[in-house]
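Novice: Let me give you the structure first, and then I'll get to my questions.
Numbering (the working numbering), first residue to last: 2 to 324.
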């Protein structure tokens, strides 16, 4: 403790000198920039019984700042559960996140005042449990249903973190990973979605929703062969899954595998006859296969199901050309 105290006192003296010097260097018209002078953030991370947690990872990210090129700050707790982060701005909002395997993560928005140059905080990480993970998953699911996607992603990620790096399959963990991947897809975060679906498939290689999610990621990446493999496996696992069959047929048509596309899309409309886009794709596939009568029938069904579709007039013209 003497070493820590002496170090903190020395840093305080050094900082005081720097702070005094900075006051003379910053012109009055730059007061907003002066408000971001740096301080030292430190603290300890404990378990519910007050024992130090070693190896907890702390991330500090700017929420809003005058700096356009700021980068996140990182630290890891030592054997005493302590960490230190120098060069932290004052009166700037940070998102603080603390993660440790086997514990529930901690997250909060933090703003350091300019009244102190050294801030020492204490955090407690509850032990993770399947019950807490389920609660986080349910919160995330409700947020997703309400359209609060960022909140949903945070809660689903919380549920995933509760399990740490386990390789044991668990229903809640797999469901949370699949849901997290879907939310990240909707948020336009394909890399995060890929990571979530990939881990879900590592835990459960026959998870239909994870295959469909990964198929969507691969489709967006232009990796059509991989996307076809994922949707094809999903369709094998659930032969009447109309969404998997539609995506499979559409991708096969994209890569000019017309016969395979027709087979998948025929199964799709048999499983769900009121899916307009499946009839349109099947009509196009028949037309490319040189089967105009079958193509007309499917395209007319499409118009009957979706008479006000944006491409309705174009489809009518196509039907006329086929006739």
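No residue lacks a Cβ here, since even glycine has one placed at the ideal position from N, Cα and C.
1. What three-state label does DSSP hand residue 50 in the structure shown?
2. Taking the alpha-carbon positions, what's the residue 318 to residue 302 distance?
3. Count Cβ pairs between the region 133 to 140 and the region 53 to 62 that sit closer than 8 angstroms; are there 3 or more?
4. CB-CB under 6 angstroms to residue 30, same chain, minus the five flanking residues each way: which ones, in chain order?
5. Taking the straight line between their C-alpha atoms, what separation do you get for residue 173 and residue 166?
6. Which stretch, first to last residue, makes up the beta strand (DSSP E) that contains residue 86?
7. Are residue 85 and residue 58 closer than 7 angstroms when you measure CB to CB?
8. Does DSSP put residue 244 in a helix, in a strand, or in coil?
9. CA-CA distance, residue 162 and residue 120?
10. Rounded to the nearest angstrom, how far is the Cβ of residue 272 from that of residue 237, given a contact under 8 angstroms?
11. Buried or exposed for residue 126, going by 16 or more other Cβ atoms inside 10 Å?
12. Could you check the C-alpha separation between residue 95 and residue 72 for me, to the nearest Å?
13. Mind checking who residue 142 pairs with in its DSSP beta bridge?
14. Name the residue from 209, 190, 270, 155 whose alpha carbon lies nearest to the alpha carbon of residue 136.
15. Straight-line CA distance for residue 147 to residue 80?
16. Check the C-beta distance from residue 216 over to residue 232 and give it rounded, since I have them as a contact under 8 angstroms.
17. Quick check: what's the CA-CA separation for residue 188 versus residue 316?
18. To the nearest whole angstrom, what separates the beta carbons of residue 124 and residue 104, a pair I think is in contact under 8 angstroms?
19. State the Cα-Cα distance for the pair residue 205 and residue 265, rounded to the nearest angstrom.
20. Could you give the first and the last residue of the continuous alpha helix (DSSP H) run that contains residue 110?
21. So, residue 46 versus residue 91, is the Cβ gap smaller than 7 angstroms?
22. Go ahead and label residue 203 buried or exposed: buried means 16 or more other beta carbons lie within 10 angstroms of its beta carbon, across all protein chains shown.
23. Ordered along the chain, which non-local residues of its own chain (more than five positions away) have a Cβ less than 6 angstroms from that of residue 268?
24. For residue 320, which residues does DSSP report across the bridge?
25. In its own chain, which residues sit with a C-beta less than 6 angstroms from the C-beta of residue 97, not counting the 5 before and 5 after it?
26. Which residue marks the beginning of the alpha helix (DSSP H) containing residue 1, and which one marks its end?
27. Starting from residue 209, trace the alpha helix (DSSP H) in both directions and tell me its first and last residue.
28. For residue 177, count neighbouring C-beta atoms within 10 Å of its own C-beta (all shown protein chains included) and say buried if the count is 16 or more, exposed if not.
29. Could you tell me if residue 305 is buried or exposed, where buried requires 16 or more neighbouring beta carbons within 10 angstroms of its beta carbon?
30. Could you give the first and the last residue of the continuous alpha helix (DSSP H) run that contains residue 231?
31. Determine the contact status of residue 194 and residue 209, defining contact as a CB-CB distance below 7 angstroms.
32. Please name the residue in 312, 277, 254, 88 whose C-alpha comes closest to that of residue 289.
33. Measure the C-alpha to C-alpha separation of residue 251 and residue 197 and round it to an integer number of angstroms.
Specialist: Looking at the atomic coordinates:
1. The sequence position of residue 50 within the chain shown is 49, counting from 1. Three-state result, residue 50: coil.
2. By one-based count along the chain shown, residue 318 stands at place 317. By one-based count along the chain shown, residue 302 stands at place 301. If you take the alpha carbons of residue 318 and residue 302, they lie about 15 angstroms apart.
3. No contact exists between the region 133 to 140 and the region 53 to 62.
4. As a first step, residue 30 is located in the chain shown; it is residue number 29 there, counting from the start. Interpretation of residue 30 is limited by its pLDDT of 38, a score under 50 that renders its predicted location unreliable; the figure taken from the coordinates is listed afterwards. No residues qualify anywhere along the chain.
5. Stepping through the chain shown from its first residue, residue 173 is reached at position 172. Stepping through the chain shown from its first residue, residue 166 is reached at position 165. Cα-Cα distance, rounded: 14 angstroms.
6. Translated into positions along the chain shown, residue 86 becomes position 85. Where residue 86 is concerned, the enclosing beta strand (DSSP E) starts and stops at 83 to 90.
7. Sequence index remark: in the chain shown, residue 85 carries index 84 (1-based). Sequence index remark: in the chain shown, residue 58 carries index 57 (1-based). Annotated as distal: residue 85 and residue 58, with beta-carbon spacing of 7 angstroms or more.
8. On the chain shown, position 243 is the one that residue 244 refers to. Residue state, collapsed to three classes: helix.
9. Taking the first residue of the chain shown as 1, we reach residue 162 at position 161. Taking the first residue of the chain shown as 1, we reach residue 120 at position 119. Between the alpha carbons of residue 162 and residue 120 lies a gap of roughly 28 angstroms.
10. As a first step, residue 272 is located in the chain shown; it is residue number 271 there, counting from the start. As a first step, residue 237 is located in the chain shown; it is residue number 236 there, counting from the start. Incorrect: roughly 14 angstroms between the Cβ atoms, too far for contact.
11. As a working mapping, residue 126 is identified with position 125 in the chain shown. Buried: at least 16 other Cβ atoms inside 10 Å.
12. Counting from 1 along the chain shown, the entry for residue 95 is found at position 94. Counting from 1 along the chain shown, the entry for residue 72 is found at position 71. Taking the straight line from one Cα to the other gives about 11 angstroms.
13. By 1-based counting over the chain shown, the position of residue 142 is 141. Within the DSSP secondary-structure output, residue 142 pairs in no beta bridge.
14. Against the chain shown, residue 136 aligns to sequence position 135. Looking from the CA of residue 136, the closest CA among 209, 190, 270, 155 belongs to 155.
15. Numbered from its first residue, the chain shown carries residue 147 at position 146. Numbered from its first residue, the chain shown carries residue 80 at position 79. In this model, residue 147 and residue 80 are separated by some 42 angstroms (Cα to Cα).
16. Taking the first residue of the chain shown as 1, we reach residue 216 at position 215. Taking the first residue of the chain shown as 1, we reach residue 232 at position 231. At roughly 4 angstroms, the Cβ-Cβ gap stays under 8 angstroms, so residue 216 and residue 232 are in contact.
17. To locate residue 188, count along the chain shown from 1; it is residue 187. To locate residue 316, count along the chain shown from 1; it is residue 315. Straight-line measurement puts the Cα of residue 316 at about 32 angstroms from the Cα of residue 188.
18. Against the chain shown, residue 124 aligns to sequence position 123. Against the chain shown, residue 104 aligns to sequence position 103. With 8 angstroms as the limit, residue 124 and residue 104 do not qualify as a contact, their Cβ atoms being about 10 angstroms apart.
19. Here residue 205 refers to the residue found at position 204 when the chain shown is read from its first residue. Here residue 265 refers to the residue found at position 264 when the chain shown is read from its first residue. Using only the alpha carbons, I get a separation of about 25 angstroms.
20. For this step, residue 110 is matched to residue 109 along the chain shown. Residue range 107 to 112 is occupied by the beta strand (DSSP E) that includes residue 110, with no alpha helix (DSSP H) assigned at that position.
21. For the purposes of this step, residue 46 is identified with residue 45 of the chain shown, where counting begins at 1. For the purposes of this step, residue 91 is identified with residue 90 of the chain shown, where counting begins at 1. No, they are not a contact pair.
22. Taking the chain shown and counting its residues from 1, one reaches residue 203 at position 202. Around the Cβ of residue 203, a 10 Å sphere holds fewer than 16 other Cβ atoms; the residue is exposed.
23. For the purposes of this step, residue 268 is taken as the residue at position 267 of the chain shown. Taken in chain order, the residues that qualify are 246.
24. To locate residue 320, count along the chain shown from 1; it is residue 319. Residue 320 is not bridged to any residue.
25. Translated into positions along the chain shown, residue 97 becomes position 96. If we look at residue 97 and ignore the five residues flanking it on each side, its Cβ neighbours are 61, 109, 111.
26. Nothing in the structure corresponds to residue 1, since the chain is present only between 2 and 324.
27. Here the question's residue 209 lines up with position 208 in the chain shown. First-last of the alpha helix (DSSP H) with residue 209: 209 to 221.
28. If you number the chain shown from 1, residue 177 lands on position 176. Counting every other CB atom within 10 Å of its CB across the protein chains shown gives residue 177 a total of 16 or more, marking it as buried.
29. Within the chain shown, the letter at position 304 stands for residue 305. Using a 10 angstroms sphere on the CB of residue 305, the tally of other CB atoms stays under 16, which defines it as exposed.
30. The sequence position of residue 231 within the chain shown is 230, counting from 1. 225 to 238 is the extent of the alpha helix (DSSP H) around residue 231.
31. Taking the first residue of the chain shown as position 1, residue 194 is located at position 193. Taking the first residue of the chain shown as position 1, residue 209 is located at position 208. No, they are not a contact pair.
32. Residue numbering aside, residue 289 sits at position 288 when the chain shown is read from its first letter. Comparing Cα-Cα distances from residue 289 to each of 312, 277, 254, 88, the minimum goes to 254.
33. The residue given as residue 251 occupies position 250 in the chain shown. The residue given as residue 197 occupies position 196 in the chain shown. Put simply, the backbone Cα of residue 251 is about 25 angstroms away from that of residue 197.
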